[in-house]
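Asks: In terms of full-length UniProt numbering, the sequence shown opens at residue 1 and continues consecutively.
Structure below; questions to follow.
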Amino acid sequence: MASFDDLAFISHARASSNTASSPNALFCRDCNEVAQQTTDDGKRCLICGCELQDTSARPSATHSDSTRELTHALGATADGATPTQDLQALMTRLLSVVGGDLDGAVTHLGSFVADQASTIEVTIRVQDIKGEVVAVPANFGPCESISQRDVVLAEPFDGASAFANAAAMNGKVVVMERGVCTFAQKVLRAQAAGAVAAIIIQTMDVWPYTMTDSKGESATIAIPAFMLSAKQGHGFVEFLRARNNETVTMADITVRRDARECVICQVDMAIGMKVTRMPCQHLFHTECLHEWLKIGNSCPICRVEIPAKQSAARGTFVNQTAQQRGDFAWSDWFS
Numbered sequence: 001m002a003s004f005d006d007l008a009f010i011s012h013a014r015a016s017s018n019t020a021s022s023p024n025a026l027f028c029r030d031c032n033e034v035a036q037q038t039t040d041d042g043k044r045c046l047i048c049g050c051e052l053q054d055t056s057a058r059p060s061a062t063h064s065d066s067t068r069e070l071t072h073a074l075g076a077t078a079d080g081a082t083p084t085q086d087l088q089a090l091m092t093r094l095l096s097v098v099g100g101d102l103d104g105a106v107t108h109l110g111s112f113v114a115d116q117a118s119t120i121e122v123t124i125r126v127q128d129i130k131g132e133v134v135a136v137p138a139n140f141g142p143c144e145s146i147s148q149r150d151v152v153l154a155e156p157f158d159g160a161s162a163f164a165n166a167a168a169m170n171g172k173v174v175v176m177e178r179g180v181c182t183f184a185q186k187v188l189r190a191q192a193a194g195a196v197a198a199i200i201i202q203t204m205d206v207w208p209y210t211m212t213d214s215k216g217e218s219a220t221i222a223i224p225a226f227m228l229s230a231k232q233g234h235g236f237v238e239f240l241r242a243r244n245n246e247t248v249t250m251a252d253i254t255v256r257r258d259a260r261e262c263v264i265c266q267v268d269m270a271i272g273m274k275v276t277r278m279p280c281q282h283l284f285h286t287e288c289l290h291e292w293l294k295i296g297n298s299c300p301i302c303r304v305e306i307p308a309k310q311s312a313a314r315g316t317f318v319n320q321t322a323q324q325r326g327d328f329a330w331s332d333w334f335s
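The following block contains the structure:
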């Protein structure tokens, strides 16, 4: 049986080699970074469709910028791909970057002030994949649960033009990748084909990432849209393609509103509180997680172990073995 953890170790699409890098490079507000690819006229981001700005219009550095820079420092390769190393190796590198102890790790690992979105939790369970994966809902359209629906890959996969397999989408969850057109346009096409929900696969290293509607196209969207991280998402796609449509793949999408309770102290995560997201995407009060990791080395929810040290080679071997035996789990595809 597959798992979403295994999928994180399947290589995902690289950014275009023509990424803007000159002093006059243009900035994309939705991607919150210098545009990776642009339309032919150079006015819009080819990834999300947002109008581009001069780098002089880029917002001042924020905590999310610092977190992203830290993520790159943890091991992004020269071409932008993240090494296929397990969670233990990630934590080891993290500790070396932030000062070598758990105090620094908790302080820097995904810590931020909780907002309204932090009170909504979306999880996806898929037939024949162990466990569940945390997804990020779009900030447009409805956000509701979907039960026991088939999953279908869009053709074309970017959802930027009329679907060749539109007839197969009615009543199903449609999977597409980010890029070429706006998020809203993708979801509208899926909705027109009769889909009940859309899952968009992130193609960049930025995570978590919330899909926005920068052009105001979402007024008529009536189905929910969710995003999966690049590693988990692309691994999931490879899992679906490997099945060659021989068997039906069912998915359950669960939306829990006002459900973000810190399981350590059992107190709600109120807006304005400082919280920390672990690599497995589970969220806790920063201080609670700090105390928890003093007495345990695993996530309080999913129990993924975070030993202080483990070689990258050992972690890679363990996950390759899992894939070879076909025993997949969402946790193998951590971002």
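Every residue, glycine too, gets a C-beta built ideally from N, C-alpha and C.
Taking the runs of the beta strand (DSSP E) that are 3 residues or longer, which of them lie wholly in the stretch 118–178?
Replies: As far as the stretch 118–178 is concerned, its whole beta strand (DSSP E) runs of at least 3 residues are 120–126, 133–137, 146–153, 173–177.
Asks: Exposed or buried, Gln232, counting other C-beta atoms within 10 Å across all chains shown (16 or more means buried)?
Replies: As a working mapping, residue 232 is identified with position 232 in the sequence shown. By the 10 Å Cβ count, Gln232 comes out buried.
Asks: Since Gln53 is in the beta strand (DSSP E), which residue starts that stretch and which ends it?
Replies: Reading the sequence shown from its first residue, position 53 is the one you call residue 53. Per DSSP, Gln53 belongs to the beta strand (DSSP E) from 52–54.
Asks: Mind checking Ala198: buried by the 16 CB within 10 Å criterion, or exposed?
Replies: The residue given as residue 198 occupies position 198 in the sequence shown. Per the 10 Å Cβ criterion, buried.
Asks: Anyone know if the C-beta pair for Ile124 and Leu228 falls short of 9 Å?
Replies: Here residue 124 refers to the residue found at position 124 when the sequence shown is read from its first residue. Here residue 228 refers to the residue found at position 228 when the sequence shown is read from its first residue. Yes, these two residues count as a Cβ contact at 9 Å.
Asks: Measuring alpha carbon to alpha carbon, tell me which residue in Arg303, Val122, Asn139, Val34 is nearest Ile146.
Replies: Here residue 146 is taken as the residue at index 146 of the sequence shown, counted from 1. Closest option to Ile146, Cα to Cα, is Val122.
Asks: Hey, which unbroken runs of the beta strand (DSSP E) at 3 residues or more fall wholly within the stretch 224–274?
Replies: If we require 3 residues or more, the beta strand (DSSP E) runs fully inside the stretch 224–274 come out as 225–228, 250–257.
Asks: Under the assumption that Ile223 contacts Ala190 (Cβ atoms under 8 Å), give the Cβ distance between them as a whole number of angstroms.
Replies: The residue labelled residue 223 in the question sits at position 223 within the sequence shown. The residue labelled residue 190 in the question sits at position 190 within the sequence shown. About 7 Å; that satisfies the 8 Å criterion.
Asks: Do Thr220 and Asp150 have their C-beta atoms within less than 9 Å of each other?
Replies: Reading the sequence shown from its first residue, position 220 is the one you call residue 220. Reading the sequence shown from its first residue, position 150 is the one you call residue 150. Going by C-beta atoms, Thr220 is not nearer than 9 Å to Asp150.
Asks: Which residue marks the beginning of the alpha helix (DSSP H) containing Ile295, and which one marks its end?
Replies: The count along the sequence shown starts at 1 and reaches residue 295 at position 295. Residues 286–295.
Asks: Whose C-beta lies closer than 7 Å to the C-beta of Phe163 among residues of the same chain, with five residues either side of it excluded?
Replies: On the sequence shown, residue 163 is found 163 positions in, with the first residue counted as 1. Counting only Cβ-Cβ distances below 7 Å, and skipping sequence neighbours, we find Ala154, Glu155, Met169, Arg189, Ala193.
Asks: Which residues share a DSSP beta bridge with Glu33?
Replies: In the sequence shown, counting from the first residue as 1, residue 33 sits at position 33. Paired residues: Cys28.
Asks: For the beta strand (DSSP E) containing Ala222, name the first residue and the last one.
Replies: Looking up residue 222 in the sequence shown gives position 222. It is not in any beta strand (DSSP E) - Ala222 carries neither H nor E in the DSSP assignment.
Asks: So what's Asp40 in DSSP terms, helix, strand or just coil?
Replies: As a working mapping, residue 40 is identified with position 40 in the sequence shown. The answer is coil: DSSP assigns Asp40 none of H, G, I, E or B.
Asks: If we count the other Cβ atoms within 10 Å of its Cβ and call it buried at 16 or more, is Val267 buried or exposed?
Replies: Walking along the sequence shown from the start, residue 267 turns up at place 267. When all chains shown are included, Val267 counts as exposed.
Asks: Hey, how far is the Cα of Val263 from the Cα of Ala35?
Replies: By one-based count along the sequence shown, residue 263 stands at place 263. By one-based count along the sequence shown, residue 35 stands at place 35. For Val263 and Ala35, the distance between alpha carbons rounds to 39 Å.
Asks: Would you mind working out which of Asp252, Phe140, Ile129, Trp207 sits nearest Val174, comparing C-alpha positions?
Replies: For the purposes of this step, residue 174 is identified with residue 174 of the sequence shown, where counting begins at 1. Comparing Cα positions, the closest option is Asp252.
Asks: Is Ser239 near Phe183, with beta carbons less than 9 Å apart?
Replies: As a working mapping, residue 239 is identified with position 239 in the sequence shown. As a working mapping, residue 183 is identified with position 183 in the sequence shown. The residue asked about is misnamed: residue 239 is Phe in this sequence, not Ser. Not in contact: Phe239 and Phe183 (Cβ atoms no closer than 9 Å).
Asks: Note down the Cα distance separating Arg256 from Pro208, rounded to an integer number of angstroms.
Replies: Position 256 of the sequence shown holds residue 256. Position 208 of the sequence shown holds residue 208. Roughly 18 Å between the two C-alpha positions.
Asks: Distance, Cα to Cα, Ala195 vs Lys215?
Replies: Here residue 195 refers to the residue found at position 195 when the sequence shown is read from its first residue. Here residue 215 refers to the residue found at position 215 when the sequence shown is read from its first residue. So the alpha carbons of these two residues sit roughly 22 Å apart.
Asks: Going by beta-carbon coordinates alone, are Pro137 and Thr203 separated by less than 9 Å?
Replies: Residue mapping note: residue 137 aligns to position 137 of the sequence shown, counting from 1. Residue mapping note: residue 203 aligns to position 203 of the sequence shown, counting from 1. The answer is no: Cβ separation not under 9 Å.
Asks: So, at 6 Å on beta carbons, what are the nonlocal neighbours of Leu26 in its own chain, with the 5 sequence-adjacent residues on each side left out?
Replies: Within the sequence shown, numbered from 1, the residue matching residue 26 stands at position 26. Within the same chain, Leu26 has close Cβ partners Ala35, Leu52.
Asks: Quick check: Ile129 and Phe226, are their CB atoms within less than 9 Å of each other?
Replies: Numbered from 1 along the sequence shown, position 129 holds the residue referred to as residue 129. Numbered from 1 along the sequence shown, position 226 holds the residue referred to as residue 226. Contact: no.
Asks: Rounding to the nearest angstrom, what Cα-Cα distance links Ser161 and Cys181 in this structure?
Replies: To locate residue 161, count along the sequence shown from 1; it is residue 161. To locate residue 181, count along the sequence shown from 1; it is residue 181. About 9 Å.
Asks: So, at 6 Å on beta carbons, what are the nonlocal neighbours of Ala166 in its own chain, with the 5 sequence-adjacent residues on each side left out?
Replies: The residue labelled residue 166 in the question sits at position 166 within the sequence shown. Closer than 6 Å at Cβ, skipping near neighbours: Ala193.
Asks: For Gln37 and Cys143, what's the separation of their Cα atoms in angstroms?
Replies: Along the sequence shown, read from residue 1 onward, the residue named residue 37 stands at position 37. Along the sequence shown, read from residue 1 onward, the residue named residue 143 stands at position 143. Taking the straight line from one Cα to the other gives about 30 Å.
Asks: Would you tell me roughly how many angstroms separate the C-alpha atoms of Arg303 and Asp41, rounded to the nearest one?
Replies: Residue 303 sits at position 303 when you count from the first residue of the sequence shown. Residue 41 sits at position 41 when you count from the first residue of the sequence shown. Rounded to whole angstroms, Arg303 to Asp41 spans 49 Å at the Cα level.
Asks: Starting from residue 336, follow its DSSP beta bridges and name the residues at the other end.
Replies: Because the chain is modelled from 1 through 335, residue 336 falls outside the range shown and cannot be assessed.
Asks: Measure how close the beta-carbons of Glu132 and Asp158 come, nearest whole angstrom, since I'm counting them as under 8 Å.
Replies: The sequence position of residue 132 within the sequence shown is 132, counting from 1. The sequence position of residue 158 within the sequence shown is 158, counting from 1. Between Asp158 and Glu132 the Cβ distance is about 26 Å, and since that is not below 8 Å, they are no contact.
Asks: Rounded to a whole number of angstroms, what is the C-alpha to C-alpha distance between Glu217 and Ile201?
Replies: Here residue 217 refers to the residue found at position 217 of the sequence shown. Here residue 201 refers to the residue found at position 201 of the sequence shown. Approximately 20 Å between the Cα atoms of the pair.
Asks: Assign Cys288 to one of two classes, buried (16 or more other C-beta atoms within 10 Å of its C-beta) or exposed (fewer than that).
Replies: Indexing the sequence shown from 1 puts residue 288 at position 288. With 16 or more other Cβ atoms within 10 Å, it is buried.
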